[in-house]
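Chains as they are written, first to last, in the working numbering: chain A, 545 to 799; chain B, 6 to 347; chain C, 2 to 295; chain D, -2 to 432.
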Amino acid sequence: MSGKIFFRGRDLTQLSNQMYRRIRGEEIALIFQDPMTRLNPLMRIQDHFLEEIHAHESVSSTEARTRAREALVSMGIHETRIRNYPHEFSGGMRQRIMIALALVLKPSLLIADEPTTSLDVIVEAQILEILQDLKEAYHMSLLLITHNLGIVAEVCDRVAVLYAGKLVELGSVRDIFHKPLHPYTQGLLASVIHLETKELHSIEGSPPDLIAPPSGCRFHPRCSYAQPICTERIPPLVEFEPGHFAACHFGDKFL
Amino acid sequence: MPKTGSLAAYAVTRLFLSLPMLLILLTIVFVVLRVIPGDPIAALFAGRAPPDVVAATRHQLGLDLPYWQQYINYVAAVLTGNLGTSIGESYHGKSVLFVILDKLPATVELAIGAMIVASIIGIATGVVSGTNRDKPSDVALRLYGTIIFVIPVFWLGQILQLIFAVGLGWFPAQLRFSGLPSPNQITGLYTVDSLLQGRLDLFLVAVQHLVLPSLTLGLVLSGFFTKTVRANLLRTVNADYVEAARARGIPEGRIISRYAFKNALIPVVTVLGLQFAILFAGAVLTERTFSWDGMGMLLLKSIDSADYPMVQGVIVIYALIIVALSVVIDVINGLIDPRVRY
Amino acid sequence: MALLRRLLFRPFRPLVRERRTLPGILSWIGLGTLISFVLIGIFGPLLISVDQTKPLAYPILLSPSLQHVMGTDGIGRDVFARVIWGTRTSLEIMAIGALLALVVGFPLGLLSGFVGGKLDRLFVLVMDSVYAFPGLLLAALIAAVIGKGIFNIGIAITVIYIPLYFRVTRNQTLSTREELYVEAARALGARSRTIMLSYIAYNVVIVIPVIFSLSAADTILTAAGLSYLGLGLEIDVPGDWGRDLSDAQRFLGSGIWWTSLFPGLMIILLTVGLSFLGEGLNDLVNPLLKKERA
Amino acid sequence: MTGPATVVKAEPTDEILRLDDLKVHFPVKMPFVQRLLQRGETVVHAVDGVSFGIRPGEILGLVGESGCGKSTVGRACVRLVKPTAGRIFFDGQDITKLGGEKLRALRRRIQIIFQDPHASLNPAMTIGKAIGHPLRIHSSVFGPQKTGSEEFGEWIRQKVLNAMKEVGLTPEEQLYDKYPGDLSGGQKQRAVMARALILEPNLLVVDEGVSMLDMSVRAKVLELMLDLKRRHKLTYLFITHDLATAKFICDKIAIMYLGRIVEIGPAREIYADPKHPYTKALLQVIPIPDPDRRAKKVLPRGEVPDAVHPPAGCRFHPRCPAVLASCGWEARDFVDFLDEHLSDPKRAGDDETILGPIEDWRAKGLVASLETNPLKVRKAVERTNAVLVEAPVAMKQAVESVSSQNRTVIVRFRSHHQLLQSNVQGRVVECLLYQ
């Protein structure tokens, strides 16, 4: 592993395990793709909350309990159910509990890793609505990791597109959807099947082997615009217009 | 939406469900003793008694009746707690149940001692092994688990006797008690009885005698704990909810104890039920090695002296204990795992 | 025919392919041990006269020396000769017990798991009950009724290992039966027989060597235990590790260690070898099954 | 309780597949001890009265959320699950109870493709063998050739290679002897399709057949399906949770919710103007990949209820944004509402002490009741009425009376209207709004 992670100006990779533990949950919270397996089946919901609060703050049990109840109720779950076990909740409810757990310490960054992928579409929309509301209510930043471009268009302000372990494009959501600069982003957008799809498009070939990734631009074997330079030189991330970056040798052609 | 139900309801139902198992075990004992070829009475007397005595004994025990009638009599007798009277030399004419109840505490004391040794050693080695995956300590402890598990318990007993009794003289090699008059019978467990009487000296003697047999049996059983605790810890330390707890900043020690270890324990408890079979089989051998006067010794003596009702009685009591323990294990499981009951 | 060949070879393929991994090495050590014991069991008695295993063949309680590498016992038998002859006895009981249990338990488990329903529930209840009961006690009871002898002990032991084969085979059958590719085969119109043979049996045989090794180790222990309790073999069997240990008990107080140590070591070497083989194979087979299903 | 009646009857037409009021109920799987402890009914009403027909050469999309029973319908069509009631016709023949050799013969004509191509292939069979396996299974119908003869083997090999070429599984000679583990997801799905097509079936059931594939592979497989339809006049039952994909590929759409079809008709019309509130909700939540068209959505409340005890009347009524008083309100809806009310401390006030705890309420059919002490009964009735004021209008209207009897508060609901299917603008809808 190499590189740096800056959070509020501090490099997290330099932190001791102990310091890192304090940041987790307190400043950076994480919710996951599969809420069904993320809660300890042997612990009541309440104990998940109390444990987390006590791990970070020295508050009285009464206060911790009050805060736990408030967090749960704010997600639309009856406070008496705080004494239930995880298996007594449905998938959507468990994801709400996970969000409540993530927010009880009021973190400034919430990372949501495919938070709705395992849920049905209506529940997915409910959860996305909650996440958007929270972002405003808590003045919190949200890092949403997803493969679903529809969700990106609906929820996000800025978008980073990754391909084969490399950042290929970064910009505002309008830039990305209306003027994609990287051929991969273009292909990705074209291949989405949505209600107005008239014709199917797909990106030729298949994702590369990451043990021996392609030379130069990792996308070149599947790129219809590829030139000899693409196989030789790794394209740098260039700011083609204010706030809109792409890692393509010919990015300016698509402006 | 499932709601967590009462543990009592679960326990009662589970108890009810144990009846078929009990009936099957009783039937097996019946089939083995009376139906399969081979005349148990003749085999037990082994030609040492004249034919008319054998015939009289058969009649006295109701063994000349048709099988179905024998079966009904037998099940009815067992269910009413009437296990008959002994026909062997040592206990002739005594109530089988009474004799067994007299020997039972010795076996129970040995079993408890062994279980304590096994769980302490087994869980400790299992945790060390499971949290140090593929390091030298893990490999060594896995070898320990595999090897100790297949060591003949009676041979291990002999070796421990050679070292600690004959060689070092730290512990007595034989019997449950010696030197002083044994404590008054209250529970029948010498360690408990001596404490109840407030006699620390007797307690020490009892413990001294208990150490080697418990250690022998416990060591052999510990291999099982080492292996299962390790395997389940490996599974739970990488579980999704453990990763989620880490992401919430829960301290590592707490994660191991409350998430990984407790969750790993559930399957261990489940298979623990099957370990009682090994425990009691091992106890019979250990009793013999240490002249520990319990149910196992009683069974061997009864087989030797052709005491047919006593043999049947001892096996039936073992079956009852096994069934009861399987219920207890399931209830304990319900106690720690809320998903089991509702 | 090709199917049969595949069925037979399948369990051993990982043994060759993974011979350099830790479980592979363990398996080979175990297999080597088993083969050595089989060779000792076959050829040992040909080289060592049975007379040495009889009472009063030599002076009693000689400590190990060049003439008697393992010494002599309390009634003047050569411990080394007894140990060698005992190998043959143990292997004979193991072969009878573990093989009979396999022959009965495997088809029953396959059937019960495949048919399911009431039949399955009944089988499971009976087998689980037997499995929960102390095997040694059950074997002791059976042995006390049908009498001593190598074959009888083998039978008594069979009864307690049938449930083991049954359980493993049935569970494996059940989980394979639920696989999507089995449902797909049914949708293609495959007959039950085809599904059972080319899909289910194929996936179940792979666990058989694992249980065979583990149950064989246990068989040795149980047989020795029965002999130790005096319920095993007739007194004139030329080698019987369990009985030798039982006989050794009397002299322990006088510090006579060799009559106990050597028969015990033989039991441990054989059972540990079988365990290595069983657990090594288990570690090889499980990821294989997981990979195939991933 | 009887389910809603089916009005639109099957007309004997040129339909290749016809389901007539199909029901599939499963026993709830649980450990034995739990089964004994569980009171009341324990069957999952996976499919509870489904009727539709497919014409040859048509693609019918069966769309719904997970757990709505759509996969069970698909499995019932190929007779992998046993229908509890109702009938299935294939090509005019009643196949509901078919068994033995007749069922095997049928399976040459109806094939199914599952969601997970990897799990659908026996890991121990080569691709070529797997694709050719159906021919061997049904070898008796391919003339006098003896199974195992060399010509037959060669004939199968040629057919397999052709089928592989047809589904684009190339280079076919090289892939023939590969094992499933060596292939990519898209290749495996093509192999599964080749295996399904080698018997030249008339009907192909595709159960979420593209859901697990990457976007780019998905497009290719969908194109292949359309291509096969054109060339072989194949008929599809296309089961999916993805309305966008369904819109692209299907001629007709059926929307399923909790074991029932709530709306069925030509795809173009349903997408242009959905009638059933559930269809509307489903279409509304599909994210549009255009940041300039973000819109606030009106979402149905809660989650899909348990199919062991589906709601009375219209199954969607507890969540429906357009619900009426006659849609099927019943006691447990009231208890659920009260639960929600009590969970919000701001609204609840001291209601918890009078109407709580929620576990004390009994809900049976149309009657909800709470046993309390005689002193509190009057107050509880008052408070119940007060709470009901805040309830959704439709629920409020459905309440017949709030009364007390000794120490018991009783909330009684009116019985609901029978739910019928109606023809609305070219499609069939099961909703009281259109009755």
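From the three backbone atoms N, C-alpha and C, an ideal C-beta is built for every residue, glycine too.
Mind pulling the chain C residues with CB within less than 8 Å of residue i?
i              : result
R104 (chain D) : A188, L189, G190
I109 (chain D) : A185, A188
Find the residues of chain D that neighbour residue i, judging by a C-beta separation of less than 8 Å, and give them in chain order.
i              : result
T195 (chain C) : I134
L694 (chain A) : It should be noted that the sequence gives Gly, not Leu, for residue 694 (chain A). Going along chain D in sequence order, the residues near G694 (chain A) (Cβ under 8 Å) are I283, P284, I285, P286.
For residue i, which residues from the same chain have a beta carbon less than 6 Å from its beta carbon, with the 5 sequence-adjacent residues on both sides left out?
i              : result
S109 (chain D) : Residue identity check: residue 109 (chain D) is Ile in the sequence provided, not Ser. These residues qualify, in order along the chain: V75, V202.
I597 (chain A) : A608
G339 (chain B) : L12, Y15, V345, R346
E668 (chain A) : T660
With DSSP run on the structure shown, which of helix, strand or coil describes residue i?
i              : result
I13 (chain D)  : coil
R21 (chain C)  : coil
V234 (chain B) : helix
R181 (chain B) : coil
L653 (chain A) : strand
S66 (chain C)  : coil
P71 (chain B)  : coil
V648 (chain A) : coil
Y707 (chain A) : strand
R298 (chain D) : coil
V421 (chain D) : strand
P24 (chain D)  : strand
E337 (chain D) : helix
I30 (chain C)  : helix
W358 (chain D) : strand
K149 (chain C) : coil
L693 (chain A) : helix
Between the Cα of residue i and those of the options, spot the shortest distance and give me the residue it belongs to.
i              : options                        : result
I161 (chain C) : C:A102, C:L222, C:S176         : C:A102
A129 (chain B) : B:N243, B:D139, B:P71, B:T231  : B:T231
V25 (chain D)  : D:G310, D:G256, D:D303         : D:D303
I56 (chain D)  : D:V189, D:S181, D:T232, D:V138 : D:T232
L234 (chain C) : C:D284, C:V205, C:F152         : C:F152
R171 (chain C) : C:L111, C:V84, C:T195          : C:L111
D174 (chain D) : D:I195, D:V214, D:M122         : D:M122
D79 (chain C)  : C:M95, C:L62, C:L92            : C:L62
L222 (chain C) : B:V155, B:N189, B:A244, B:Q213 : B:V155
P272 (chain B) : B:Y195, B:V59, B:S100, B:I334  : B:I334
I85 (chain C)  : C:W242, C:K119, C:R168         : C:W242
Apart from the five residues just before and just after residue i, which ones in its own chain have a Cβ nearer than 8 Å to its Cβ?
i              : result
Q800 (chain A) : An answer regarding residue 800 (chain A) cannot be provided, because it is not within the stretch 545 to 799 covered by chain A.
Q670 (chain A) : G636
At a CB-CB cut-off below 8 Å, which residues of chain A make contact with residue i?
i              : result
Y268 (chain D) : L739
F245 (chain D) : I737, T741, L744
M190 (chain D) : Going along chain A, no residue has its Cβ under 8 Å from M190 (chain D), so there is no contact; the nearest lies around 17 Å.
Within a Cβ cutoff of 7 Å, which residues of the same chain sit near residue i, ignoring the five residues on either side of it in sequence?
i              : result
S412 (chain D) : L363
Could you work out which residues of chain B lie near residue i, taking near to mean beta carbons separated by less than 8 Å?
i              : result
V273 (chain C) : T151, I152, V155
Q250 (chain C) : Q163, T294
E280 (chain C) : T151
Note down, in chain order, every chain D residue with its Cβ under 7 Å from the Cβ of residue i.
i              : result
E235 (chain C) : Chain D residues near E235 (chain C): none, gap ~46 Å exceeds 7 Å.
Y203 (chain C) : A121
Please list, in chain order, the chain C residues whose beta carbon lies closer than 7 Å to that of residue i.
i              : result
N119 (chain D) : Y182, Y200
V104 (chain B) : The premise fails here: V104 (chain B) is roughly 18 Å from chain C at the closest Cβ pair, so nothing lies under 7 Å.
Note down, one range per segment and in chain order, each beta strand (DSSP E) of at least 3 residues found wholly within the stretch 153 to 239 of chain C.
none
Which runs of the beta strand (DSSP E) at least 3 residues long sit entirely within the stretch 268 to 336 of chain D? Give them in chain order.
none
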